[in-house]
Amino acid sequence: MRGRNKFRVVDGGRRWTKAQDYQRTSTGWWRYSGIWLGAILVGLIAGVGPSWLGGVGASGGEEVQALLGGASGVRARFGSCHVGGGYNCVVDGDTLYVEGVKIRVADIDAPETHEPRCASEKALGDRATDRLRQLVNKGTVTLAPIDRDEDRYGRKLRIVKVDGDSVGDTLVGEGLARWYAGGRRPWC
1 MRGRNKFRVV DGGRRWTKAQ DYQRTSTGWW RYSGIWLGAI LVGLIAGVGP
51 SWLGGVGASG GEEVQALLGG ASGVRARFGS CHVGGGYNCV VDGDTLYVEG
101 VKIRVADIDA PETHEPRCAS EKALGDRATD RLRQLVNKGT VTLAPIDRDE
151 DRYGRKLRIV KVDGDSVGDT LVGEGLARWY AGGRRPWC
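Taking full-length UniProt numbering, the leading residue of the sequence shown gets 1, the next gets one more, and so forth.
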């Protein structure tokens, strides 16, 4: 009695196993499905992972909500924000990201740095941005809500304090910002 033939003769006499024949003729997406599945799993773990780690890299949603409500503070290293925002960083003299949430300092207006109307506005805006970064890096940042939650750009409106002192008071007192009176007023 004869056993099953383990090989098939193809391509001018070359012998292929059934597994090799299947691999050679399978479609492209199926051949790489294991790689795609691995990439998807890594992406899911990277996206959800920080919330599992309990504060390593990112805070849970409850902590951010408490911070936005003014119930607690955050002590962190704030850098400069780049295109697209950040986690803890300063955008300009009256806007920053705190734990990934974009915050507008509600009580002040600082000179523009991204679309200034003149060179002096840009220079003063850069000084205000640097000073805001210094202030938020020197202590615990707390956010106090006001009568409105967000502005028309989706930024959370908050009174920003560092160790209990208003950032707005400091910037206005140093001539780097003015009290917000609604709308955009020229700095030139």
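For glycine and all other residues, C-beta sits at the position ideal for the given N, C-alpha and C.
Beta-bridge annotation (DSSP): CYS89 is paired with GLY79, TYR97. The Cβ-Cβ distance between ARG127 and CYS188 does not fall below 8 Å. Across the structure, ASN137 and LEU124 are spaced so that their CA atoms are roughly 20 Å apart. The Cβ neighbour count for VAL141, taken over all protein chains shown within 10 Å, is at least 16; the residue is labelled buried.
Straight across, the Cα-Cα distance linking ARG178 with ALA110 is about 7 Å. Counting C-beta atoms within 10 angstroms of its own C-beta, ASP92 has 16 or more neighbours from the protein chains shown and is therefore classed as buried.
The DSSP-derived three-state label of GLU112 is coil. In the same chain as GLY164, and ignoring 5 residues on each side of it, the C-beta atoms closer than 8 Å to its own belong to THR142, in chain order. Per DSSP, the continuous beta strand (DSSP E) segment holding THR142 begins and ends at 141 to 150. By the beta-carbon neighbour count (other beta carbons within 10 angstroms, threshold 16), ASP107 is buried.
Nearest neighbour of ASN88 by Cα position, chosen from ALA181, ALA76, THR113, ASP94, turns out to be ALA76. Within its own chain, the residues whose Cβ lies closer than 8 Å to the Cβ of GLU174, once the five positions on either side in sequence are excluded, are ARG131, listed in chain order. Counting every other CB atom within 10 Å of its CB across the protein chains shown gives ILE103 a total of 16 or more, marking it as buried.
Rounded to whole angstroms, the gap between the alpha carbons of VAL83 and THR170 is 27 Å. Membership of LYS161 in the beta strand (DSSP E) is indicated by the continuous run 156 to 162.
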